[in-house]
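Engineer:
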Amino acid sequence: MKKTDKGVSLLEVLLVIGIMVMVIPKVYENIENHLNNVRWQNAAEHANTYNTAVRNYVADNASTLLAGSLPKTITPATLIQKGYLKSGFSESNFGQSYITGIAKNSKTSRLEALTCSNGGQSLSEAGMRSVASMIEGLGGYINSSKQAIGAGGGWSDTPSNYGLNCATGHIAMALVGADLQESDRLYRYSITNRPDLNRMHTAIDMNSNNLNNVGTLNGNAAALSGDISARNGTFSGAISGNTATTNGDITSNNGWLVTKNSKGWMNSTYGGGWYMSDSSWLRSVNNKGIYTGGQVKGGTVRADGRLYTGEYLQLEKTATAGASCSPNGLVGRDSTGAILSCQSGVWRTSGSSNGSYSNLGSHRGSFTGRNTGSGTLFVYASGMRILSISHSGNGTKVKLPQVTSAGKLSNLELST
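Here you go:
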């Protein structure tokens with residue numbers, strides 16, 4: 001028996017429609033919740049960016065803010081102008097903008113800050129709670145009593161204490177305590193009464209890069225593996241090293257050029273100089289001579305070889321012929337300039353036993369003669385008896401002759 005297909009029954013259609021009526025709202029609700037979560041997450045990230053900028057601004061300007069009038073309000077425009085936010089940062093979120101109040105805690109005298117959004121579309125209770133929970137740090141919202149409340153109810157604050165008038169349906173963010181301590185970055189500018197903001201607390205690794213345009217480097221020590229190049233240098237302590245080479249003079253204002261062992265000073269070009277190898281003598285390097293147009297002066301001068309003079313030998317001290325002297329061999333002069341020599345412990349005039357003999361003849365009685373030479377006159381006589389000898393004349397000296405027992409003259413020396 002053939003059956004006729006009559007299609008879908010009305011009951012089935014109604015059943016499908018009923019199911020769709022029940023499911024579609026739930027689908028739309030899920031889609032809406034997802035879209036809201038995305039919007040709220042974006043809103044929280046936007047708020048975090050702004051809150052970080054506020055934290056850095058307050059930390060960097062703490063001394064100025066404390067010295068000024070509080071509470072003080074700032075906006076995204078302020079942070080963009082000061083460089084804490086990029087110029088492309090949107091000043092609004094959901095049509096809501098931000099305003100931050102900065103105040104001083106009456107007990108700790110430290111800065112605190114509260115931010116709330118204002119204007120634009122108000123958020124639902126769920127929206128405010130969701131955004132507040134995703135904000136880093138102390139995220140919150142403004143309740144129906146216009147109080148700032150933490151996302152989990154962990155904190156509350158009064159906006160009017162910060163110079164703010166916040167409306168319900170807007171988010172809030174608090175910054176207190178450590179959140180507003182100075183940032184860890186090294187400040188490029190000095191902050192009044194805050195030298196610690198320009199202080200490093202660890203070593204700096206320059207990664208082989210330079211430090212340029214330095215005024216003065218102050219510190220305890222410098223350990224360098226390369227060269228030092230400078231125009232001038234001042235050292236209050238010792239300088240130690242292997243060698244030192246300069247292109248100019250080495251000057252000591254109040255000290256010595258001190259060397260040790262058998263070293264001294266040497267000219268490397270010509271190989272001369274001075275050194276000491278014992279405790280008594282200053283020696284010439286490589287036995288170099290000493291040349292000067294001035295004087296060489298000392299207590300005594302000794303020449304182990306010959307003593308030369310290109311002019312004259314001037315003896316300043318005088319001696320007296322016949323006076324005692326020591327040691328033998330000394331050479332001196334008398335007051336007239338005549339040369340004397342120390343012989344047998346007595347100063348004697350210089351003379352010569354060589355020369356021609358003159359026969360003065362045989363004389364009886366007295367005899368007068370004259371020594372016309374410049375040397376000593378030696379007179380020899382024999383075969384006679386000498387009763388007396390006399391002489392006259394300036395500077396004439398007589399060495400008395402020896403007279404034998406027979407009255408004979410053995411030697412007579414006259415000198416002028």
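At position 27 of the sequence shown the residue is numbered 27 (UniProt numbering), and the sequence of numbers has no breaks.
Ideal placement from N, C-alpha and C gives every residue a C-beta, glycine not left out.
Bear in mind that the values here come from a model prediction, so they are computed numbers and not experimental data.
Beta carbon of THR75, beta carbon of TYR98: below 8 Å?
Structural biologist: Yes, Cβ-Cβ distance for THR75 and TYR98 is below 8 Å.
Engineer: Would you identify the three-state DSSP class for VAL214, choosing helix, strand or coil?
Structural biologist: VAL214 falls in the coil class under three-state DSSP.
Engineer: Give the DSSP bridge partners of CYS116, in chain order.
Structural biologist: Per DSSP, ILE99 and ALA172.
Engineer: Between which two residues does the alpha helix (DSSP H) containing GLY127 stretch?
Structural biologist: Taken as a continuous stretch (DSSP letters only), the alpha helix (DSSP H) holding GLY127 covers 125-134.
Engineer: Give the DSSP bridge partners of TRP265, in chain order.
Structural biologist: Answer by DSSP bridge pairing, in chain order: TRP274.
Engineer: Shortest alpha-carbon distance to GLY317 belongs to which of ASP304, LEU340 and GLN295?
Structural biologist: First, the amino acid is wrong: residue 317 is Lys here, not Gly. Of the candidates ASP304, LEU340 and GLN295, the one whose C-alpha sits nearest the C-alpha of LYS317 is LEU340.
Engineer: Compute the beta-carbon to beta-carbon distance between GLU136 and LEU175, rounded to the nearest angstrom, for a pair I have assumed lies under 8 Å.
Structural biologist: The Cβ separation is near 11 Å, so there is no contact.
Engineer: Do you know offhand how far ASN394's Cα is from ALA319's?
Structural biologist: Residue placement at ASN394 is poorly supported in this model, since its pLDDT is 49, which falls under 50; the coordinates still yield a value, given next. So the two alpha carbons sit approximately 18 Å from each other.
Engineer: Going by DSSP, what residues sit across from LEU138 in a beta bridge?
Structural biologist: DSSP lists ALA174 as partners of LEU138.
Engineer: Which residues in the same chain have their Cβ closer than 7 Å to the Cβ of LYS288, if we skip the five residues on either side of it in sequence?
Structural biologist: GLY272.
Engineer: By alpha-carbon positions, which one of SER124, LEU315, SER117 and SER229 ends up nearest to ASN165?
Structural biologist: The shortest C-alpha separation from ASN165 is found at SER117.
Engineer: So, is ASN354 buried or exposed, given that buried needs 16 or more other C-beta atoms within 10 angstroms?
Structural biologist: Because the pLDDT of ASN354 is 47, which lies under 50, any placement of that residue in the model is unreliable, and the number read from its coordinates should be weighed accordingly. ASN354 should be labelled exposed.
Engineer: Hey, out of SER160, SER145, TRP155 and ASN48, whose CA is closest to THR168's CA?
Structural biologist: When only C-alpha atoms are compared, the closest one is SER145.
Engineer: Between THR73 and THR52, is the Cβ-Cβ spacing less than 8 Å?
Structural biologist: The answer is no: Cβ separation not under 8 Å.
Engineer: How should LEU315 be labelled, buried or exposed, when 16 other C-beta atoms within 10 angstroms of its C-beta is the threshold for buried?
Structural biologist: Counting Cβ neighbours within 10 Å, LEU315 comes out exposed, since fewer than 16 surround it.
Engineer: Of the residues ALA132, ALA62, LEU85 and LEU79, which one's Cα is nearest the Cα of ALA43?
Structural biologist: Nearest C-alpha to ALA43: ALA132.
Engineer: Quick check on this structure: which residue in ALA230, TRP281 and VAL285 has the alpha carbon closest to the alpha carbon of TYR270?
Structural biologist: Selected option, being the one with the closest Cα: VAL285.
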